[in-house]
Each structure stands twice: as structure tokens, then as C-alpha cells.
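**Student:** Going down the list, the sequences are from chains A and B.
In this text, residue positions in the first sequence follow the numbering used here: the first is 1, and each later residue adds one.
In this text, residue positions in the second sequence follow the numbering used here: the first is 240, and each later residue adds one.
We put the beta carbon where it would ideally sit given N, CA and C, even for glycine.
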Amino acid sequence: MKLKVYADRGSEPSRAILIFCKVNGIEFEEIKIELAKRQQHSPEYKAVNPMGQVPAIVDGEFQLFESHAILIYLASAYPGIADHWYPNDIFKRAKIHSVLDWHHSNLRRGAAPYVVNTVLGPFVGIQVNPQIAAEAEKLLLSSLSKIESFWLKENEKFLLGSSQPSIADLSMVCEIMQLEVLGDKERDRILGPYEKVQQWIENTKNATGPHFDEIHTLIFQIKAMLQKPPPGGAINEAE
Amino acid sequence: MKLKVYADRMSQPSRAILIFCKVNRIDFEEVRIDLAKHQQLSPEFIAVNPMGQVPAIVDGRFQLFESHAILIYLACAFPGIADHWYPNDLSKRGKIHSVLDWHHSNLRRGAAPFIWNTVMGPALGIKPNPQAAAGAEKLLLSSLSKIESVWLKGNGKFLLGSSQPSIADLSLVCEIMELEVLGDKERDRILGPYEKVQQWIENTKNATRPHFDEVHTILFKAKARLQKPPSGTTINEASKKGALHSKM
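(1) Locate the alpha helix (DSSP H) running through B/Arg428, then write down its first and last residues.
(2) Between A/Val173, A/Asp184, A/Asn203, which has its C-alpha nearest A/His216's C-alpha?
(3) Under a Cβ-count criterion, where at least 16 other Cβ atoms within 10 Å of its own Cβ denotes burial, should A/Asp101 be classed as buried or exposed?
(4) Expressed to the nearest angstrom, what Euclidean distance is found between the alpha-carbon atoms of A/Lys196 and A/Lys32?
(5) A/Leu191: beta carbon under 6 angstroms from a heavy atom of the ligand SAH?
(6) On a CA-only basis, which of A/Lys4, A/Lys2, A/Gly10 is nearest A/Met177? Give me that one, please.
(7) Under the rule that 16 or more other beta-carbon atoms within 10 Å means buried, what is A/Tyr6, buried or exposed?
(8) Using 7 angstroms as the limit for Cβ to Cβ distance, is B/Glu305 near chain A?
(9) In chain B, which residues lie with their C-beta within 9 angstroms of the C-beta of A/Leu64?
(10) Provide the residue span of the beta strand (DSSP E) that contains B/Ile296, from first to last.
(11) Write down the C-beta distance between B/Leu398 and B/Val338 rounded to the nearest angstrom, noting that I regard them as a contact closer than 8 angstroms.
(12) Here's the rule I'm using: 16 or more other beta-carbon atoms within 10 Å means buried, otherwise exposed. How should B/Phe267 be labelled?
(13) Rank A/Pro50, A/His68, A/Leu3, A/Gly25 by C-alpha distance to the C-alpha of A/Glu12 and give the top, closest one.
(14) Count the other C-beta atoms from every protein chain shown that fall within 10 angstroms of the C-beta of A/Asp8, then say buried if there are 16 or more, exposed otherwise.
(15) How about A/Ile219 and B/His336: are their beta carbons less than 7 angstroms apart?
(16) 7 angstroms is my cut-off, CB to CB: does A/Phe20 come that close to chain B?
(17) Quick one: Cα of B/Ser281 to Cα of A/Leu139, how far?
(18) So that I know if they touch, is there some Cβ in chain B lying closer than 7 angstroms to that of A/Asp101?
(19) If contacts are defined as beta-carbon pairs under 8 angstroms, then B/Ser306 and B/Pro352 qualify, I think. What distance do you get, rounded to the angstrom?
(20) Would you mind telling me which residues of chain B sit closer than 8 angstroms to A/Ala134, beta carbon to beta carbon, in chain order?
(21) Check whether the region 21 to 30 of chain A and the region 89 to 101 of chain A touch, using three or more Cβ-Cβ pairs below 8 angstroms as the test.
(22) Where in the region 40 to 70 of chain A do unbroken runs of the beta strand (DSSP E), each at least 3 residues long, occur, reported from the N-terminal end onward?
(23) Taking C-alpha atoms, which residue in B/Leu421, B/Ala362, B/Phe301, B/Phe317 lies nearest to B/Arg264?
(24) B/Lys331 by DSSP, collapsed to three states: which one?
(25) Candidates A/Val124, A/Asn106, A/Phe62: which alpha carbon is nearest B/Asp328's?
(26) To the nearest angstrom, how far is the alpha carbon of B/Ile256 from that of A/Ser149?
(27) In chain A, which residues lie less than 9 angstroms from B/Trp324 when you measure between Cβ atoms?
(28) Can you name the residues of chain C whose CB is closer than 7 angstroms to the CB of B/Pro289?
(29) For B/Phe304, does the three-state DSSP call read helix, strand or coil?
(30) Quick one: which chain B residues come within Cβ less than 7 angstroms of A/Phe91?
(31) Take A/Gly25 as the anchor and find which of A/Met225, A/Thr208, A/Pro229 has the nearest alpha-carbon.
(32) Roughly how many whole angstroms lie between the Cα atoms of A/Gln115 and A/Ala133?
(33) Among A/Ile126, A/Asn117, A/Met51, which one has its Cα closest to the Cα of B/Ile386?
(34) Which chain A residues sit within Cβ distance under 7 angstroms of B/Cys315?
(35) In the DSSP assignment, what residue or residues form a beta bridge with A/Val23?
(36) Let me confirm a value: B/Glu414 is counted as buried when at least 16 other C-beta atoms fall within 10 Å, else exposed. Which label applies?
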């Protein structure tokens, strides 16, 4: 029985799992759970993940949710996956755990609420809250600043001074890609000050071949839809 | 060179590391970083952890922060640690990772801000945010509900149906212990509906005694101080010493 990956390509952590599987030649079935249609609350899906969130996997009888746990499981359980994704070395591994954990309370805690409370909320039935957006933006910017000054060492292409990508690079770059839906101007305003971050995003895209772009197609479609006002309507009434 | 653990015993994740080391007889030096005195912002500590948060460890030349990463490292790097703390089995390990990650965005994200915006912040002279407290309480209660119905499903003594504790039990129970500073009435109001949770807390304490109680002493002292108004002053002016903000 093939691995099943329950995902919504609009979800940052879902994309990280999908890209990881494709880059590493892991055979799987992608099952679309559309958050905009509230499919994550269906009884069928609750039987897969009682928390009603994506992503989740089912591998035979084994069910797992939380994207970092999934990435670690896949990197460990499947054959032929290059060591740099989740090194065997206990020290390198620990550093990857620390940045993945830091990500939860920092980058994700800033980026996701910021995007939801400015443009994406209406898509997922959440009312936009400008106060939350303001606080989230603050955390997002300070997180990007920490990535620039601490997690990205001088002269190395990926997090933690590595010359090759790990699951942490994939997880965090997919998070940052969500900023695309804000439009180029906003995205550039936010990312502009962080040159190493911008280079690192490019490095991660390049390292994951055509899969990165293919998995991000939906986000760019949403971006295009949000930027284009319908004919005869005000910009505020865009879909 | 001995392992160094930089900790504040008022910090939930700091306590989890200290208890884990003591229970597993890991030789270490505890270096107190007093959050109430802002010692986490000192240049010396920033050199250990640039994020300025506790806990952190230094093992020889290896520096590490984020309590879950530390617990995993210690469980793997030190000899003689029983498998149940961080099992070798990939599926069991995957489940432990999932509850540790869930904890960040749920239990911790509810419990810590709730305590801060009701009791700890005011004790340090910081104006509480009732809106933040209300939001945090909602998340705290729904998290406890999920622990009761999902993570403690079945008849196991510990999370994930296990008969023995893992690093996840230690991390989550230390988080819930912080509720003590709210006082017995509030703590009971919050934990009251969740019988399995209460039993699991006892199970975890029993599995790690006497170290669990010893490491929690300072928390109970802070609780006592917060409950007792000093003569002639209001509760809001209760001593700021020892009551403080743990790692957010």
C-alpha cells in the first residue's frame, strides 16, 4: 500500500512534504484536502488526523501529523535519501531540531497570521483582524532578521552553515513563499532588507528542481487572482 | 568538561531538562539564569544562546537551545538512558515528535500567555492584557481537552498509550505545572474537567520522584508568595522577587 499524503497546496507545511517526497523519489498518493471547503473537518479526515489539520500521512497502518515529525519520519524510514536532508550526525541533527522548533514559535507564528489577517483570511473563512496582523508582522520581521543574522552563516548556501539543504530549509522556505500572495510590492517590502534570506530562498528553489515550482503553482494562481481587480469593480472588491 | 545546563527553575522547559538529567544520572552543572533579573540578556549568556532564552546547554564545545532539541540530544548522546524516553523505533519516535510539535502551537501557546496575562505579568508590575488572557485561556482549555481525548486515548499511563514516560510527558507536564501559580482554586477550575490529565500528571510525578518535586520547589515558593498579600498592601503589589516571566 502506497504512502498517502493528505495535503492542501495552499498550506505551507503541506508543500514541504510534497516537495520532499518528489525530490527524493518517494512513491505516494496525494490526497487533496481543501481547506477553503472545510474538508479538514469531515469525519473521514478526522479519522486520519483528529486535530483536523494538514498535512498528515498514512503509511500502511501508521498515521502521522505535524509536518516536522512527518519530514523526519520520511527521511528516516525511506531508502536512498541523502544524509544532508536529516543527518545521522547527532550534533547536526540537534541543530536542525533547534531551528525547526524555533520556526514554530517565530517565523511561522509571524508569517502565517500576517498573511491570513491581511489577504488570505476570506479564503479560509477567517475574519481579518488588523491588530493580529500588526503583531504578526512585527514577529515576522524579527524572525527574518534572526534568520539573516544567525541561522544563515557567512558564505554558506543553507541554514546552519550547510552547503546542502536539509528538511529545515524546505520547511522554512515554503513558509516564506506564502508571502507571494501579498503581491510583489508587499513581498519586496518585507524581504527587501534581508539579502542572505533572498539568496537562501533561491538556493533552496534551485536545489529542489522543477518540483518546487510545480508545487507552488497554486500559490501563484491565488496571487494572480488577488492582484487583478474584476472589471467594473473597485480594487477592494477583488475576489 | 561537564555538561552545562543554563536554566531558570521558573521556566517550564528549563525544569523538563533538569528533571531529565537528574532522573537519568547525567552529570551536569546547573547555571542559573535569573529571568526576573534579565540575566538572559547579558552578553555572557547571549554568547551561549543568541536568542536570549532558557534553557540552553553547552556540552564541550557544542551549544544547543530549544528544549525539545536538547531533550532529544541528551537522550541520544548520553549512555544508559532507557529507550522509553526517546524510543529507537521510528513509528514511536514519529509520534513523540508529533506531540512535542503540537505542544508548541497548542498547550504552550495557551498556558504560558494565560499565566503571564493574569498573574505573572502583574506580579512584575506589567499591565495584564485581558483580551490576550481570554484568547490564551480558550486555547489552554481546548489543548487540555485534546490531551484528554486524543493524546491520552486508551488505558496507557502516559501519552500515546505508553506504559512508561517519554520526553514528551516530561515537557508537557512541566508546562501544566506552571498553573500552580494561579492558586489552587484557579488550577482546579482549569484542570477539573480532565480526569485523565490529572492522573497522567500524577503518573509523571511518580515516575520522576524525588527529582520532580525538588526541581519544582521554587515554583511552589512563588505560588505561596503570590497567594499571600503582604500586610498593608494589595495583592498587585506582592513581592516581585521570584515571580517572573518564563521563556515565551
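**Tutor:** Working from what's here:
(1) 423 to 430
(2) A/Val173
(3) buried
(4) 34 angstroms
(5) Judged by which ligands are present, the structure shown has none, so any question about the ligand SAH falls away.
(6) A/Gly10
(7) buried
(8) yes
(9) Ser330, Gly333, Lys334, His336, Ser337
(10) 295 to 298
(11) 6 angstroms
(12) buried
(13) A/His68
(14) buried
(15) no
(16) no
(17) 22 angstroms
(18) yes
(19) Not quite, the Cβ-Cβ distance comes to about 17 angstroms (not below 8 angstroms), so this is no contact.
(20) Within 8 angstroms Cβ-Cβ: nothing; A/Ala134 doesn't reach chain B, min ~14 angstroms.
(21) no
(22) 56 to 59, 62 to 65
(23) B/Phe317
(24) helix
(25) A/Phe62
(26) 27 angstroms
(27) Within chain A, no residue comes near B/Trp324; the closest Cβ sits about 15 angstroms away, beyond 9 angstroms.
(28) No chain C appears in the structure shown, which is made up of the protein chains A and B.
(29) strand
(30) Phe301
(31) A/Thr208
(32) Checking the displayed sequence, the identity of residue 115 of chain A turns out to be Val instead of Gln. A/Val115 and A/Ala133: Cα-Cα distance of roughly 8 angstroms.
(33) A/Met51
(34) Ile90
(35) Partner(s): none; A/Val23 has no beta bridge.
(36) buried
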